[in-house]
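A.B. asks: Below are the structure tokens for one structure; questions will follow.
Residue numbers (my numbering), protein chains in the order written: chain A, 1 to 231; chain B, 1001 to 1345.
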């Protein structure tokens, strides 16, 4: 089945070493578009987590029956089906947040991280490993988008957790800096997200090189990996 | 060295004339050239500008020292070259003098940390740091960045200082729009009134480019002429920039004098003269060849006028310079001067 060492390796990869946003820099479009608030970033990551986990599991189950030459269309069919299911579930149970995230839920299908993991991991490993790989990649994206969304929300509008009431009605957002915080609109706009993401990547690289657990430059290896899979 | 090798070099070919100029002497001259403008600014608009310059300089020097330390560079030679001071003075002069202190501090931090050192420090930055700071702040805080002290109300020094420290309660009483902004709003409110009638209100618009502001602009112009005479800058970029602004505004003015202000107004208002002599001439983020400098200046002038008149922001100098900064390497590539002794293709 799955050993403890395998599991640790999978989670270390997904959450830190091969983090989808900070190391592989995949799926930047939704990252820039939805991380205007912490809650939006978290919800999109959770939806993506479901898709990566389920698509990894299904592709891995079917990997012996998928002809190598036409694997891409088949992967797309499987992932698109799962994205549609997640999209419809959110539309019925979390309709408010679904309206806010809008097109970016169906667009999870175009997120490179889904195909990167199917192609690089699920097509070569067992179902349980692939399922956990999808979950760990999703968690990696989740914490990155939560931190980025939180920073942008805090600097851009001086709030935290705004919009949480559409998920848990008993909670409400915080106004951290009080009512007369002018709000640095720059951080609400995509350039602000780029700059903050760059600072996060720099911090991650600094921490990694201090612990010297990267043999290759993380962004370089990520770029190479991204070129292998369709972007 | 083969001919191909020479062609790929970006320098003007030998024979060279040696120039006994250090970065520090150039920067000190730029600072000296800014002084008349600063003096007129402090007298006519308010001494708060001096406080802003102190805040900006202190922040910039602190940020410069911190970044140099982080990057493992020697503090002494880089800190005393005066480039951080030029950047911080330009920030103070382009920001509203009654902007709250933290706005100036964040502007100086953005300029030195992000726009200068993260790109590799002095000589490596593709964008003019002061203009990056201005653009980031006007996008982030449009309201605070358009609070200019009213020149008609004769505000007191203490009021301005309180505004900078963020303690002023009746800030609206101190502020008014810049002449450029006022003209834009007036045009929107009453599209039928000819522009000459509006500009005849000398209390706001003065004689050329806005009361008091036209004198500041003229002082920048004098400082710029002195820089030209000292050969710190060359005439190509300022001439191109001013020609771009004047040519396009004259064309619009001839086309419809009722809707467009005269070239004189556009030259003396906003940041045109400061930009022409102190911003477009930035040796790092601008072009290297003379022809390139002219193209750089001219395109920036055209864009500055276009953004100022047809865009949503009060002035276009910062954005036009940033856009042209991106184009500078391409312009340099296309205007490479011929190698000495070779004919032009």
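By construction, the Cβ of each residue, glycine as well, lies at the ideal position given by its N, Cα and C atoms.
Which first and last residues belong to the alpha helix (DSSP H) in which residue 84(A) is found?
C.D. replies: Position 84 of the first chain, counting from 1, holds the residue named residue 84(A). Start and end: 71-93.
A.B. asks: Going by DSSP in three states, residue 230(A) sits in which element: helix, strand or coil?
C.D. replies: Position 230 of the first chain holds residue 230(A). Annotation note: pLDDT 41 at residue 230(A) (below 50); position unreliable, no value reported.
A.B. asks: Are the beta-carbon atoms belonging to residue 1130(B) and residue 1088(B) less than 9 Å from one another?
C.D. replies: Here residue 1130(B) refers to the residue found at position 130 when the second chain is read from its first residue. Here residue 1088(B) refers to the residue found at position 88 when the second chain is read from its first residue. Their beta carbons are under 9 Å apart, which means residue 1130(B) touches residue 1088(B) by this criterion.
A.B. asks: Closer than 9 Å, CB to CB, is residue 184(A) near chain B or not?
C.D. replies: Stepping through the first chain from its first residue, residue 184(A) is reached at position 184. Yes - at least one Cβ of chain B is within 9 Å of the one on residue 184(A).
A.B. asks: So, is the C-beta of residue 1326(B) closer than 9 Å to a C-beta in chain A?
C.D. replies: To locate residue 1326(B), count along the second chain from 1; it is residue 326. Not an interface residue.
A.B. asks: In chain order, which alpha helix (DSSP H) runs of at least 4 residues are fully inside the region 124-177 of chain A?
C.D. replies: Runs found: 127-157.
A.B. asks: Closer than 9 Å between beta carbons: that is the criterion. Which residues of the region 1137-1165 of chain B meet it against chain A?
C.D. replies: Correct list: 1137, 1139, 1140, 1141, 1142, 1143 and 1144.
A.B. asks: Return the CA-CA distance between residue 1146(B) and residue 1091(B), expressed in angstroms with no decimal places.
C.D. replies: Walking along the second chain from the start, residue 1146(B) turns up at place 146. Walking along the second chain from the start, residue 1091(B) turns up at place 91. Between residue 1146(B) and residue 1091(B), the C-alpha separation is close to 14 Å.
A.B. asks: Would you kindly work out how many angstroms separate the C-alpha atoms of residue 78(A) and residue 127(A), rounded to a whole number?
C.D. replies: Here the question's residue 78(A) lines up with position 78 in the first chain. Here the question's residue 127(A) lines up with position 127 in the first chain. So the alpha carbons of these two residues sit roughly 15 Å apart.
A.B. asks: Rounded to the nearest angstrom, what separates residue 96(A) and residue 108(A) at their Cα positions?
C.D. replies: Taking the first chain and counting its residues from 1, one reaches residue 96(A) at position 96. Taking the first chain and counting its residues from 1, one reaches residue 108(A) at position 108. Near 18 Å, if we compare the C-alpha coordinates of residue 108(A) and residue 96(A).
A.B. asks: From residue 1009(B) to residue 1029(B), what distance separates their C-alpha atoms?
C.D. replies: Counting from 1 along the second chain, the entry for residue 1009(B) is found at position 9. Counting from 1 along the second chain, the entry for residue 1029(B) is found at position 29. Bear in mind that a pLDDT of 45 at residue 1009(B), under 50, signals an unreliable position, so the model cannot answer this.
A.B. asks: Check whether the Cβ of residue 1098(B) lies closer than 9 Å to any Cβ atom in chain A.
C.D. replies: Residue numbering aside, residue 1098(B) sits at position 98 when the second chain is read from its first letter. It does not: the Cβ of residue 1098(B) has no partner Cβ on chain A nearer than 9 Å.
A.B. asks: Hey, is residue 1114(B)'s beta-carbon within less than 9 Å of any beta-carbon in chain A?
C.D. replies: For the purposes of this step, residue 1114(B) is identified with residue 114 of the second chain, where counting begins at 1. Chain A contact via Cβ: present.
A.B. asks: With a Cβ-Cβ cutoff of 9 Å, do residue 53(A) and residue 138(A) count as a contact?
C.D. replies: Indexing the first chain from 1 puts residue 53(A) at position 53. Indexing the first chain from 1 puts residue 138(A) at position 138. Yes, these two residues count as a Cβ contact at 9 Å.
A.B. asks: Would you say residue 195(A) lies against chain B (beta-carbon separation less than 9 Å)?
C.D. replies: Residue numbering aside, residue 195(A) sits at position 195 when the first chain is read from its first letter. Output row for residue 195(A): interface = yes.
A.B. asks: Which first and last residues belong to the alpha helix (DSSP H) in which residue 1313(B) is found?
C.D. replies: As a working note, residue 1313(B) is residue 313 in the second chain. Run containing residue 1313(B): none; DSSP gives neither H nor E here.
A.B. asks: For residue 69(A), does the count of other Cβ atoms within 10 angstroms reach 16, so buried, or fall short, so exposed?
C.D. replies: Sequence index remark: in the first chain, residue 69(A) carries index 69 (1-based). So residue 69(A) counts as exposed.
A.B. asks: Rounded to the nearest angstrom, what separates residue 115(A) and residue 25(A) at their Cα positions?
C.D. replies: Residue numbering aside, residue 115(A) sits at position 115 when the first chain is read from its first letter. Residue numbering aside, residue 25(A) sits at position 25 when the first chain is read from its first letter. The straight-line gap from Cα to Cα measures roughly 14 Å.
A.B. asks: Examine chain B for any beta-carbon lying closer than 9 Å to the beta-carbon of residue 231(A), and answer yes or no.
C.D. replies: Here residue 231(A) is taken as the residue at index 231 of the first chain, counted from 1. Low per-residue confidence applies at residue 231(A): pLDDT is 40, beneath 50, and the placement is therefore not dependable enough to give any value.
A.B. asks: Leaving out five residues before and five after residue 1110(B) in sequence, what residues of the same chain have Cβ atoms less than 7 Å from its Cβ?
C.D. replies: Your numbering for residue 1110(B) matches position 110 in the second chain. Closer than 7 Å at the Cβ level, and outside the excluded window around residue 1110(B), lie 1132, 1133 and 1136.
A.B. asks: Report yes or no: do the region 1280-1295 of chain B and the region 1327-1343 of chain B share at least 3 C-beta pairs separated by less than 8 Å?
C.D. replies: In short, these stretches touch, since the Cβ pair count reaches three.
A.B. asks: Work out the CA separation of residue 110(A) and residue 1105(B) for me, nearest whole Å.
C.D. replies: Residue 1105(B) sits at position 105 when you count from the first residue of the second chain. Residue 110(A) sits at position 110 when you count from the first residue of the first chain. Those two C-alpha atoms are separated by around 41 Å.
A.B. asks: My understanding is that residue 1148(B) touches residue 1185(B), with C-beta atoms under 8 Å, so please give their C-beta distance in whole angstroms.
C.D. replies: In the second chain, the residue the question calls residue 1148(B) occupies position 148. In the second chain, the residue the question calls residue 1185(B) occupies position 185. Not quite, the Cβ-Cβ distance comes to about 13 Å (not below 8 Å), so this is no contact.
A.B. asks: Relative to the C-alpha of residue 47(A), which candidate in 88(A), 195(A), 200(A) and 204(A) has its C-alpha closest?
C.D. replies: Residue mapping note: residue 47(A) aligns to position 47 of the first chain, counting from 1. When only C-alpha atoms are compared, the closest one is 88(A).
A.B. asks: Using 8 Å as the Cβ pair cut-off and three pairs as the minimum, do the region 1057-1065 of chain B and the region 1073-1086 of chain B touch?
C.D. replies: Short answer: they touch.
A.B. asks: Whose CA, out of 1232(B), 1071(B) and 1160(B), lies closest to the CA of residue 1021(B)?
C.D. replies: Taking the first residue of the second chain as 1, we reach residue 1021(B) at position 21. Answer by Cα proximity: 1232(B).
A.B. asks: Return the residue from the list 1278(B), 1228(B), 1301(B) and 1218(B) that minimises the CA-CA distance to residue 1250(B).
C.D. replies: As a working mapping, residue 1250(B) is identified with position 250 in the second chain. Cα-wise, what sits closest to residue 1250(B) is 1301(B).
A.B. asks: Can you tell which of 1304(B), 1282(B) and 1259(B) has its C-alpha closest to the C-alpha of residue 1246(B)?
C.D. replies: Numbered from 1 along the second chain, position 246 holds the residue referred to as residue 1246(B). It is 1304(B).
A.B. asks: State yes or no: is the C-beta of residue 160(A) within less than 9 Å of the C-beta of residue 178(A)?
C.D. replies: On the first chain, residue 160(A) is found 160 positions in, with the first residue counted as 1. On the first chain, residue 178(A) is found 178 positions in, with the first residue counted as 1. No. Outside cutoff.
A.B. asks: Using the three-state DSSP reduction, which class does residue 1235(B) fall into: helix, strand or coil?
C.D. replies: Translated into the one-based positions of the second chain, residue 1235(B) becomes position 235. Residue 1235(B) falls in the coil class under three-state DSSP.
A.B. asks: Across which residues does DSSP place residue 1149(B) in a beta bridge pair?
C.D. replies: If you number the second chain from 1, residue 1149(B) lands on position 149. Note: residue 1149(B) sits in a beta bridge opposite 1175(B).
A.B. asks: List the residues of chain B whose Cβ lies closer than 8 Å to the Cβ of residue 189(A), in chain order.
C.D. replies: For this step, residue 189(A) is matched to residue 189 along the first chain. Per Cβ cutoff of 8 Å: 1139.
A.B. asks: Name the two residues that bound the continuous alpha helix (DSSP H) containing residue 1278(B).
C.D. replies: Walking along the second chain from the start, residue 1278(B) turns up at place 278. Counting along the chain, residue 1278(B) falls outside any alpha helix (DSSP H), and DSSP gives it neither H nor E.
A.B. asks: Could you spell out the range, first to last residue, of the alpha helix (DSSP H) harbouring residue 1065(B)?
C.D. replies: Within the second chain, the letter at position 65 stands for residue 1065(B). Element bounds for residue 1065(B): 1048-1070.
A.B. asks: Check residue 1185(B) in the structure and name its three-state DSSP category.
C.D. replies: Residue mapping note: residue 1185(B) aligns to position 185 of the second chain, counting from 1. Helix.
A.B. asks: In the DSSP assignment, find the alpha helix (DSSP H) that holds residue 104(A) and state where it starts and stops.
C.D. replies: Translated into positions along the first chain, residue 104(A) becomes position 104. Neither: residue 104(A) is in no alpha helix (DSSP H) and is coded neither H nor E.
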